[in-house]
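Read top to bottom, the protein sequences are chains A and B.
Each residue of the first sequence is one higher than the last, beginning at 0 in numbering that gives the first Met the number 0.
Each residue of the second sequence is one higher than the last, beginning at 0 in numbering that gives the first Met the number 0.
2 protein chains.
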Amino acid sequence: MTNPNDLESFQFKKNDTVSLRQFVYQEIREAIIKGHLEPGARLREVEISKQMNVSRGPIREAIRILEQEGLVISHPYRETVVVDLSEEEVIHLLVPTRRHFELFAAQKAVSVLTADDFAFLDNIILNMQEASDQDDLDRLSNLDLKFHERIVEQCVSPAMFRIWNSISGKLHARFLIQGYSHSSLQTVVEEHREMLQLIRSGDKERIEQHLQTHIK
Amino acid sequence: MTNPNDLESFQFKKNDTVSLRQFVYQEIREAIIKGHLEPGARLREVEISKQMNVSRGPIREAIRILEQEGLVISHPYRETVVVDLSEEEVIHLLVPTRRHFELFAAQKAVSVLTADDFAFLDNIILNMQEASDQDDLDRLSNLDLKFHERIVEQCVSPAMFRIWNSISGKLHARFLIQGYSHSSLQTVVEEHREMLQLIRSGDKERIEQHLQTHIK
DNA sequence: CCAAAATAGATTGTTGACAATCTACAAATG
DNA sequence: CATTTGTAGATTGTCAACAATCTATTTTGG
């Protein structure tokens, strides 16, 4: 039944890099978020162009997205550099706003998430536990992001998802550089486990409470 | 002393349209916000290109900004259309988030705004009163936007200002289409007058109260 | 007649060449 | 010597041609 030469039993990996612009955008974004490009670093179009073997058109479009996203700032005819965010804005604007979006999404999630979504989220929790056991901060941080990303993307319009994504991207960049000052990794895992349980149970009141109490 | 041929007594108007991309972006954005392009309307690159007499490069870059801003959505190789936002997201995400940003900005404003800023804001209030007296909704709406824009832009980083701007743009588009359901125009003017007075007085507590009570 | 395959037209994606602007430094001017 | 003016090189902005992809229509094969 499962013939290796039979396409019914085999699937090629989907190429989700639909365009060069998308590819360039993701590459630069990841470099910034993972800290390979630090705040103040300059982005030269021709330099990137040569490194990626792509013309400047798609690169310029990617830069426009990154600029509107707020990861980069362009000075006309001069240069574009990676931004630096103030501690105050991160704490008083970005963090509460992200919370607000995730609360809204979690409450919608009660009636929106499918069995597939829950399976995906359960799997993330499993991986988080592993990462926590191995003290793997980087992996845990990535799983954290993926967890909320799935929920928000399913429960909110593309325009709203873009806002959440731009905010969480900037926060993620921050945390990776600062090195996660959480009380304990195990706590992070537990919190996500509880949240998922609350969504399953459908108790919107307690979802709000849960997110309110964890605004440290 | 004031010789008309002497540059010391004369200043040329500053050209702030730095690039075609910027021009195209502003034009399309205004068309969407003012309702000349309704939700679902399609944007064709060549069509815009001919109308504006600009090549497709700058137009594509402008579209990338509008897309990340959430005013437009692109389907690869297919089309890009003006977005339509859900009532629920506008009320539960956009409005409170904008309030949050404006509260943060207003509190910073106490120690940031200059005499120039206050003069500018005073003048806006004067114009608002005029607009209110003449029942000019459109003008009042524009002044409202400019009022908060000035405060937020002065008190927040460029990256944060972009987020606020994308949110207020979407809300502005909404209100222009729906036609402002405020209790009365005069109330709007009064609220802004009070807010400016509170910033001048430097009472951050009451600024928070003021914005909290006006979250209708 | 229906379904799969081929085709044509429209639209978006990509490219390389050329233009405009900036910075830094050199030359001229007083 | 200080200030202005004029280069040269680097970098970003713009353009027009070409390539890839999508949609709708037509053709083909059964």
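Where is the CB? At the ideal position from N, CA and C, for every residue including glycine.
Under 8 Å from the C-beta of residue i: neighbouring residues of chain B
{"i": "residue 210 of chain A", "result": "Chain B residues near residue 210 of chain A: none, gap ~14 Å exceeds 8 Å."}
{"i": "residue 99 of chain A", "result": "92, 95, 96 and 99"}
Same chain only: Cβ atoms within 7 Å of residue i, ignoring 5 sequence neighbours per side
{"i": "residue 5 of chain A", "result": "Confidence at residue 5 of chain A is low in this model, with a pLDDT of 41, below 50, so the placement of that residue is unreliable and no value is reported for it."}
{"i": "residue 218 of chain B", "result": "The question about residue 218 of chain B has no answer here: the residues shown for chain B are numbered 0 through 215."}
{"i": "residue 53 of chain A", "result": "19 and 23"}
{"i": "residue 196 of chain B", "result": "none"}
{"i": "residue 208 of chain A", "result": "none"}
{"i": "residue 154 of chain B", "result": "104, 107, 108 and 111"}
{"i": "residue 37 of chain B", "result": "81"}
{"i": "residue 135 of chain B", "result": "none"}
{"i": "residue 0 of chain B", "result": "Residue placement at residue 0 of chain B is flagged as unreliable, the pLDDT there being 38, under the threshold of 50; a coordinate-derived value is accordingly withheld."}
{"i": "residue 10 of chain B", "result": "Residue confidence for residue 10 of chain B is low, a pLDDT of 47 falling below 50, so the modelled location carries little weight; the figure read from the coordinates is stated next. Cβ within range, chain order: n/a, list empty."}
{"i": "residue 64 of chain A", "result": "24"}
Residues that residue i contacts on chain B, provided the C-beta gap is smaller than 9 Å
{"i": "residue 147 of chain A", "result": "Result: empty, since nearest Cβ-Cβ is about 15 Å, beyond 9 Å."}
{"i": "residue 168 of chain A", "result": "Per Cβ cutoff of 9 Å: no residues; residue 168 of chain A is ~11 Å from chain B at best."}
Proximal chain A residues relative to residue i, where beta-carbon distance stays under 9 Å
{"i": "residue 157 of chain B", "result": "69, 72 and 82"}
{"i": "residue 17 of chain B", "result": "75 and 76"}
{"i": "residue 88 of chain B", "result": "103, 155, 156, 158 and 159"}
{"i": "residue 34 of chain B", "result": "The contacting residues do not exist; residue 34 of chain B stays about 17 Å from chain A at best."}
{"i": "residue 201 of chain B", "result": "The premise fails here: residue 201 of chain B is roughly 18 Å from chain A at the closest Cβ pair, so nothing lies under 9 Å."}
{"i": "residue 39 of chain B", "result": "Near residue 39 of chain B there are no residues of chain A at all, since even the closest Cβ is about 14 Å away, more than 9 Å."}
Sheet register partners of residue i (DSSP bridge)
{"i": "residue 81 of chain A", "result": "A/71"}
{"i": "residue 41 of chain A", "result": "A/80"}
Proximal residues of chain A, C-beta to C-beta of residue i below 7 Å
{"i": "residue 152 of chain B", "result": "The premise fails here: residue 152 of chain B is roughly 14 Å from chain A at the closest Cβ pair, so nothing lies under 7 Å."}
Beta-carbon neighbours of residue i, restricted to chain B and to distances below 7 Å
{"i": "residue 103 of chain A", "result": "91 and 92"}
{"i": "residue 59 of chain A", "result": "60"}
{"i": "residue 63 of chain A", "result": "60, 63 and 64"}
{"i": "residue 85 of chain A", "result": "156"}
Close-in-space but distant-in-sequence residues of the same chain around residue i (CB under 6 Å, 5 per side omitted)
{"i": "residue 41 of chain B", "result": "78 and 80"}
{"i": "residue 163 of chain A", "result": "100 and 151"}
{"i": "residue 47 of chain A", "result": "58"}
{"i": "residue 66 of chain A", "result": "73"}
{"i": "residue 45 of chain B", "result": "none"}
{"i": "residue 148 of chain B", "result": "none"}
{"i": "residue 205 of chain B", "result": "197"}
{"i": "residue 55 of chain A", "result": "44 and 48"}
{"i": "residue 138 of chain B", "result": "130"}
Run of the alpha helix (DSSP H) containing residue i, from where it starts to where it stops
{"i": "residue 212 of chain B", "result": "203 to 212"}
{"i": "residue 128 of chain B", "result": "114 to 132"}
{"i": "residue 139 of chain B", "result": "136 to 154"}
{"i": "residue 99 of chain B", "result": "94 to 111"}
{"i": "residue 183 of chain B", "result": "Unbroken run through residue 183 of chain B: none, as it is neither H nor E."}
{"i": "residue 23 of chain A", "result": "19 to 32"}
Close-in-space but distant-in-sequence residues of the same chain around residue i (CB under 8 Å, 5 per side omitted)
{"i": "residue 18 of chain A", "result": "57"}
{"i": "residue 171 of chain B", "result": "32, 140 and 144"}
{"i": "residue 189 of chain A", "result": "none"}
{"i": "residue 191 of chain B", "result": "123, 124, 127, 143 and 146"}
{"i": "residue 212 of chain A", "result": "none"}
{"i": "residue 185 of chain B", "result": "131"}
{"i": "residue 83 of chain B", "result": "38 and 39"}
{"i": "residue 160 of chain A", "result": "151 and 152"}
{"i": "residue 97 of chain A", "result": "163, 166, 167 and 170"}
{"i": "residue 173 of chain A", "result": "84 and 89"}
Under 8 Å from the C-beta of residue i: neighbouring residues of chain A
{"i": "residue 165 of chain B", "result": "67 and 162"}
The ligand PLP heavy atom lying under 7 Å from the CB of residue i
{"i": "residue 22 of chain A", "result": "The ligand PLP is absent from the structure shown, which contains no ligand whatsoever."}
Would the segment 84 to 97 of chain B count as touching the segment 192 to 206 of chain B if we require 3 or more Cβ pairs under 8 Å? no
If contact is defined by three or more beta carbon pairs under 8 Å, each pair taking one atom from either stretch, is the segment 109 to 119 of chain A in contact with the segment 65 to 75 of chain A? no
Does the segment 114 to 121 of chain B come into contact with the segment 117 to 137 of chain A, if we say contact requires no fewer than three beta-carbon pairs (one atom in each stretch) closer than 8 Å? no
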